Amino acid sequence: MKKHAEPRTHSKPGKFGKYGGQYVPETLMEPLRALEEAYNRFSRDPSCKKELAGWLDDFAGRPTPLYLATNLTSHVGGARIYLKREDLLHGGAHKINNTLGQALLAKKMGKRRIIAETGAGQHGVATAMACAALGLRAEVYMGSEDMDRQKLNVYRMKMLGAKVHPVESGSKTLKDAINEALRDWVTNVQDTYYLLGSVVGPHPYPTMVRDFQSVIGKEARKQIMQQEGGLPKALVACVGGGSNSIGIFHSFLHDPDVDLYGVEAGGESLSPGQNAAPLVAGREGVLHGMMTYVLQNEVGQVQTTRSISAGLDYPGVGPEHAFLMTAGRAKYVTVSDEEALEAFKNLSQLEGIMPALESAHAISYTMKLAKSLGTRDSIIVNLSGRGDKDVEIVAKHLPQ
Amino acid sequence: MPNTSHNDDRIEAKFRELRGLREGALVAYLTGGDPDPKTFLANSTALIEGGADIVEIGIPFSDPIADGPVIQASSMRALSNGTTPLVVLNMIRELSTQFPVPFVVLSYYNPILAMGLDRFLQKARESGVDGIVVPDLPVEESEEFRNISLKHNVDNIYLAAPNTSRTRLRTVLDKSKGFLYLVSIYGVTGPRDSLSPQALEAVRAVKFLARGKIPVSAGFGISQPEHVSAVIQSGADGAIVGSALVRIVGNHLDDPSQAETQLKKTVQSLKEATRLSSKLE
Numbered sequence: 002m003k004k005h006a007e008p009r010t011h012s013k014p015g016k017f018g019k020y021g022g023q024y025v026p027e028t029l030m031e032p033l034r035a036l037e038e039a040y041n042r043f044s045r046d047p048s049c050k051k052e053l054a055g056w057l058d059d060f061a062g063r064p065t066p067l068y069l070a071t072n073l074t075s076h077v078g079g080a081r082i083y084l085k086r087e088d089l090l091h092g093g094a095h096k097i098n099n100t101l102g103q104a105l106l107a108k109k110m111g112k113r114r115i116i117a118e119t120g121a122g123q124h125g126v127a128t129a130m131a132c133a134a135l136g137l138r139a140e141v142y143m144g145s146e147d148m149d150r151q152k153l154n155v156y157r158m159k160m161l162g163a164k165v166h167p168v169e170s171g172s173k174t175l176k177d178a179i180n181e182a183l184r185d186w187v188t189n190v191q192d193t194y195y196l197l198g199s200v201v202g203p204h205p206y207p208t209m210v211r212d213f214q215s216v217i218g219k220e221a222r223k224q225i226m227q228q229e230g231g232l233p234k235a236l237v238a239c240v241g242g243g244s245n246s247i248g249i250f251h252s253f254l255h256d257p258d259v260d261l262y263g264v265e266a267g268g269e270s271l272s273p274g275q276n277a278a279p280l281v282a283g284r285e286g287v288l289h290g291m292m293t294y295v296l297q298n299e300v301g302q303v304q305t306t307r308s309i310s311a312g313l314d315y316p317g318v319g320p321e322h323a324f325l326m327t328a329g330r331a332k333y334v335t336v337s338d339e340e341a342l343e344a345f346k347n348l349s350q351l352e353g354i355m356p357a358l359e360s361a362h363a364i365s366y367t368m369k370l371a372k373s374l375g376t377r378d379s380i381i382v383n384l385s386g387r388g389d390k391d392v393e394i395v396a397k398h399l400p401q
Numbered sequence: 004m005p006n007t008s009h010n011d012d013r014i015e016a017k018f019r020e021l022r023g024l025r026e027g028a029l030v031a032y033l034t035g036g037d038p039d040p041k042t043f044l045a046n047s048t049a050l051i052e053g054g055a056d057i058v059e060i061g062i063p064f065s066d067p068i069a070d071g072p073v074i075q076a077s078s079m080r081a082l083s084n085g086t087t088p089l090v091v092l093n094m095i096r097e098l099s100t101q102f103p104v105p106f107v108v109l110s111y112y113n114p115i116l117a118m119g120l121d122r123f124l125q126k127a128r129e130s131g132v133d134g135i136v137v138p139d140l141p142v143e144e145s146e147e148f149r150n151i152s153l154k155h156n157v158d159n160i161y162l163a164a165p166n167t168s169r170t171r172l173r174t175v176l177d178k179s180k181g182f183l184y185l186v187s188i189y190g191v192t193g194p195r196d197s198l199s200p201q202a203l204e205a206v207r208a209v210k211f212l213a214r215g216k217i218p219v220s221a222g223f224g225i226s227q228p229e230h231v232s233a234v235i236q237s238g239a240d241g242a243i244v245g246s247a248l249v250r251i252v253g254n255h256l257d258d259p260s261q262a263e264t265q266l267k268k269t270v271q272s273l274k275e276a277t278r279l280s281s282k283l284e
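Here is the structure:
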């Protein structure tokens, strides 16, 4: 059973093999240490766990169903396809699992000012919701390009009481929003909590966010055992920073017969600047405090990315994914903009469920994979978010 | 004769020399290749002629998380004209063959990794680089980097911050060569109107722990002669001025010769403020 080793067994805390770490300005070393300590206390405290579980159930709407997509299954003709319905959560995506956890932690640490970055706005909205519910002040950094593309989420954040700071530096997208949030944190370390939205950044974020998201896989494992009486042949999830995928993968890491597939954004093509697929098209580097795979040019400048799905539009990826790929435990593939749009249409019309464009990448790969498997096999795909936020973009691309 | 033949430990030798003169060191920063290679070389020359004791050159990076708007903008200007790490190192070579001042390179870690640690540091040494600052490489992550920089005789200059714990500070002081770069405030690089009393407290605390074993230079938010003189009076061995100089470059993009004149004049007044015997006392 030891085929797939526990990621951290042979490395220092905060490292996944050689990936991860804390590549940050000196001023952040002390707050990261304090955060790690506070998180360790939080995660071992039964009363904190219970409090979080209460918020997840009553506020966010957990557990989410594991739904057998019968129409999609018979349309494809292969393995049975199960959807893990994170799209049904409050806010419309898995993001709330993490923001509730970290906002509670921030409150325990006595921090009242919360900062966050957001790309498509989903993490910003989930942060604003958690902060409003817990009585915390939220300030969200968002690239001005993204603010134009995702106006609705900007309004949602403001209505929820958050302050939105437009980021005009660099490429004016998610990576620059993270840069700006890090600069804010360096300046206001004493009273500010940085609520990062994915399994990226310096230690302890990749571990902490993974732990908060691993509720997805814990539920899914129990549910598939009940519904199928056995483990699935494969798990499929989309990978931007990689939090929903790590969240569902984690409970299955030690099941060697369960194949894990992470789906990156293939964008227009795999040429530089035309995708957001660091694991498939990038190479090792350091970005935002972590050693991981990064889309970069030959002299180490981080490249701009491109994807129809703003939530996957990021040149780096969580370090644990870099580890799982190089260790051979998970496979990473890409799905293009066009294929994702097609999958959006398929799931909407066959199942009556509009997936987020991010999740549509996972649906697309699942359909390919299901076809190649037998009818006795099953696949779980993480439907990480709902597609309402994307209707404008989809309408533009799928005329009539 | 300046020590042109003596290649090693030129940074610490410079601090010793200045101590004898009862002066602090003025470390003057510009971003390499900003706004274009030719202007950059002229501006660097102006810094040296103005009296900079150590010249610090930044390698532009797409995601400079420790830098404020002024240096971010300079990095973008440099990158947009095609400046690469190699281009910067070659320009430093040009300067270091003409001028005897020690040169320090500042680079985020990723461009160094992309070139390969060994190749980068060897190339840096050949170009006349005496020391290197990597703002996103804390001591915990830098074992391999430090070993290779030792091998190539490039001083590894670590940073300390106001919230660096005493235990870590001891390690950082112990592993630093050339000088310790004290980030004297909470924040990113950028000119500020006044210097906080906290910054001077940080200088005193770090100097106390350094016990004279390694020079300490203070940077971040030090932009005016009064700031320089305050940190030197508080015991710092050097003052690092960056954004205030880079801003001059940015303000004179249409008239580069004006930038040169301004830089030289500004550096002269900053240098004057490093002299312990001058005015104020």
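Protein sequence lines correspond, in order, to chains U and S.
Its first residue numbered 2, the first sequence is counted upward by one per residue in our numbering.
Its first residue numbered 4, the second sequence is counted upward by one per residue in our numbering.
Think of the CB as a built atom: it goes at the ideal place given N, C-alpha and C, for glycine as much as any other residue.
All figures in this text were calculated on a predicted structure; none of them were measured in a lab.
Item	Value
Let me make sure I understand the geometry here. Which of U:Gln302, U:Ala61 and U:Ser365 has the alpha-carbon closest to that of Val336 of chain U?	U:Ser365
Does the distance from the C-beta atom of Lys301 of chain S to that of Leu29 of chain S stay below 9 Å?	This structure does not reach residue 301 of chain S, given that chain S is present from 4 up to 284, and the question cannot be answered.
Consult DSSP for Gly18 of chain U and reduce its assignment to one of helix, strand or coil.	coil
Should Ser65 of chain S be flagged as near chain U, meaning a C-beta pair shorter than 9 Å?	yes
Looking only at its own chain, which residues have a Cβ that is under 7 Å from the Cβ of Lys152 of chain U, when we skip the five neighbours before and after it?	none
So Asn93 of chain S and Gly301 of chain U are supposed to be a Cβ contact under 8 Å. How far apart are they, rounded?	That belief does not hold up - the Cβ atoms of Asn93 of chain S and Gly301 of chain U are roughly 17 Å apart, past 8 Å.
Which same chain residues, not among the five before or five after Asp139 of chain S, have their C-beta less than 8 Å away from its C-beta?	Ile68, Ala69, Tyr111 and Tyr112
Distance check for Gln297 of chain U and Glu7 of chain U, CA to CA, integer angstroms please.	A caution first: Glu7 of chain U carries a pLDDT of 46, below 50, which makes its placement in the model too unreliable to give a value.
If we define contact as Cβ-Cβ less than 9 Å, is Gln23 of chain U a contact residue for chain S?	yes
In whole angstroms, give me the CA-to-CA distance for Ser199 of chain S and Ala61 of chain U.	45 Å
Would you list, in chain order, the members of the segment 184-211 of chain S that have their beta-carbon closer than 8 Å to a beta-carbon of chain U?	Val186, Tyr189, Gly190 and Val191
Need the endpoints of the alpha helix (DSSP H) that Phe250 of chain U sits in, please.	Ser244 to Phe250
Is Arg285 of chain S helix, strand or coil when you go by DSSP?	As displayed, chain S neither begins before 4 nor continues past 284, which places residue 285 of chain S out of reach and without an answer.
If Val73 of chain S and Val231 of chain S are in contact, beta carbons under 8 Å, what's the gap, nearest whole angstrom?	That pair is no contact at about 18 Å.
Got a sec, what are the start and stop residues for the beta strand (DSSP E) Ala331 of chain U sits in?	Ala331 to Ser337
Between Glu340 of chain U and the rest of its own chain, which residues show a CB-CB distance below 7 Å, the 5 nearest in sequence each way excluded?	Ser365
One question on the structure: do Gly312 of chain U and Gly241 of chain U come within less than 9 Å of each other, judged by their Cβ atoms?	yes
Note down, in chain order, all residues in the segment 179-211 of chain U with a beta-carbon under 8 Å from any beta-carbon belonging to chain S.	Asn180, Leu183, Arg184, Val187, Thr188, Asn189, Val190 and Gln191
Answer yes or no: does any C-beta atom of chain S fall closer than 9 Å to that of Thr28 of chain U?	yes
Using 9 Å as the threshold, is the C-beta distance between Tyr20 of chain U and Leu106 of chain U below it?	no
Give the straight-line distance between the Cα atoms of His124 of chain U and Leu21 of chain S, rounded to the nearest whole angstrom.	53 Å
Answer yes or no: does any C-beta atom of chain S fall closer than 9 Å to that of Gly18 of chain U?	no
So the candidates are U:Gly231, U:Gly111 and U:Val126; which of them puts its Cα closest to the Cα of Glu118 of chain U?	U:Val126
So His289 of chain U packs on Gly319 of chain U, CB below 8 Å; how close in whole Å?	Actually they do not touch by this definition, with Cβ atoms about 11 Å apart.
With 9 Å as the threshold, decide whether the Cβ of Arg122 of chain S is near any Cβ in chain U.	no
How about Met130 of chain U and Leu161 of chain U: do their beta carbons lie closer than 9 Å?	yes
Going by DSSP in three states, Thr305 of chain U sits in which element: helix, strand or coil?	coil
Check whether the segment 327-336 of chain U touches the segment 182-200 of chain U, counting contact only when three or more Cβ pairs, one atom from each stretch, lie closer than 8 Å.	no
Tell me the rounded alpha-carbon separation between Gln265 of chain S and Val295 of chain U.	40 Å
Taking DSSP's pairing of strands, which residues face Ile106 of chain S in a bridge?	First, the amino acid is wrong: residue 106 of chain S is Phe here, not Ile. Beta-bridge pairing links Phe106 of chain S to S:Val58 and S:Val132.
What's the gap between the Cα of Gln271 of chain S and the Cα of Ser47 of chain S?	14 Å
Could you check the C-alpha separation between Gly92 of chain U and Leu84 of chain U for me, to the nearest Å?	18 Å
Does Lys176 of chain U have its Cβ less than 9 Å from a Cβ in chain S?	yes
Name, going along the chain, the residues of the segment 326-349 of chain U whose beta-carbon falls closer than 8 Å to a beta-carbon of chain S.	none
Using only the alpha-carbon positions, how far apart do Ala45 of chain S and Gly36 of chain S sit?	11 Å
List, in order along the chain, the chain U residues whose C-beta lies closer than 9 Å to that of Arg251 of chain S?	Reading off the sequence, residue 251 of chain S comes out as Ile, not Arg. Ordered by position in chain U, no residue passes the 9 Å Cβ test against Ile251 of chain S, which lies about 21 Å from the chain.
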